[in-house]
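Quick notes on the structure that follows.
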Amino acid sequence: MGILAFSVLFFAEGYRLNLTNMKVVKTGILFLSSDPRGATIYLNDKILDDKTPNAQNLSAGNYNAKIEMPGYKTWSAAFKVNAGLVTEFDQIVLFKENPDVSNLTDQRKIELLNSPVDFLAGTNEKNSLIDNGYEIWQNNNLVTRFSTPINNVVWYPDMKHILYQQGKEIRVIEISGINDTLLTTLSTETPIHFTVNNRGDELYFLDNSQYKVAKIR
20 MGILAFSVLF FAEGYRLNLT NMKVVKTGIL FLSSDPRGAT IYLNDKILDD
70 KTPNAQNLSA GNYNAKIEMP GYKTWSAAFK VNAGLVTEFD QIVLFKENPD
120 VSNLTDQRKI ELLNSPVDFL AGTNEKNSLI DNGYEIWQNN NLVTRFSTPI
170 NNVVWYPDMK HILYQQGKEI RVIEISGIND TLLTTLSTET PIHFTVNNRG
220 DELYFLDNSQ YKVAKIR
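Numbering (my numbering), first residue to last: 20 to 236.
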């Protein structure tokens, strides 16, 4: 086998030469995909040439990734890459840094806001969502724990994120418990009713007796 052919096979099988100790190491793959696409990727604080979606062949070990796009909140995660396996973040949702908030006048959207929110959870047992005022649980798995009370915990349409109210804020968090993100600020700490449309880009809520819509995506 020629040197070139051997090198192609060598890399295709997920092996790399560690130039520090001159040893051959088995690598893993990191896959990142965001909505919207085309976000800038930082891996261990170093910017990558390619944007999302992106796959990287990496040596096994611990990493930090950050996804940025102008006008959107930063997404970040700490994770471990294992040799011979794929570490995948294919449900990254980027939310707007400063969502436009306006009065909601569309009667169909007001009806959606006033309808029961349980329909988003469906009837599948794995989608059970429970909060006790300080914790969020998905089935028997603890999503996160808070030091200050929360209320009105509901699913985001992709069933990978959870919305909740904490004081004057409506926030969203991933079911893995990372990227706890502010969506909008309210005029009162009184528990309010809110929901999101099926596309997940509009948040509807009732604040101080006024129907509002926030463009969160």
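All C-beta atoms, glycine included, are put in the ideal place defined by N, C-alpha and C.
- Message: Distance check for K115 and T209, CA to CA, integer angstroms please.
- Response: 24 Å
- Task: Using the DSSP secondary-structure output, state which residues sit across from I155 in a beta bridge.
- Result: D150 and T163
- Compare the beta carbon distance of N198 and S95 with 8 Å and say whether it is the shorter of the two. yes
- Task: Classify N73 as buried or exposed, calling it buried when 16 or more other Cβ atoms lie within 10 Å of its own Cβ.
- Result: buried
- Message: Let me check understanding here. Comparing Cα to Cα, which of N227, N216, L205 and R236 lies closest to R127?
- Response: N216
- Query: Where does G80 land, buried or exposed, given buried means 16+ other C-beta within 10 angstroms?
  - Reply: exposed
- Query: For L77 and chain B, any beta-carbon pair shorter than 8 Å?
  - Reply: Although the question refers to chain B, the structure presented lacks it and comprises just one protein chain.
- Rounded separation between A140 and F108 - CA only: Note on A140: pLDDT 40, under 50, position unreliable in the model; the coordinate value appears next. Each residue's alpha carbon lies about 22 Å from the other.
- Message: Buried or exposed, going by whether 16 or more other CB atoms sit within 10 Å of the CB of I86?
- Response: buried
- Residues bridged to S53 by DSSP? I111
- N- and C-terminal bounds of the alpha helix (DSSP H) containing L131: Q126 to N133
- Reference Q184; option with closest CA among T59, L49 and T167: T167
- Nearest-angstrom beta carbon gap, T163 and A102 [assumed within contact, 8 Å]: No, A102 and T163 are not in contact; Cβ-Cβ is about 30 Å, not under 8 Å.
- Item | Other residues of its chain near A233: CB distance less than 6 Å, five sequence neighbours each side excluded | P118, V120, T203 and L222
- Query: Roughly how many angstroms separate the alpha carbons of T124 and L205, rounded to a whole number?
  - Reply: 18 Å
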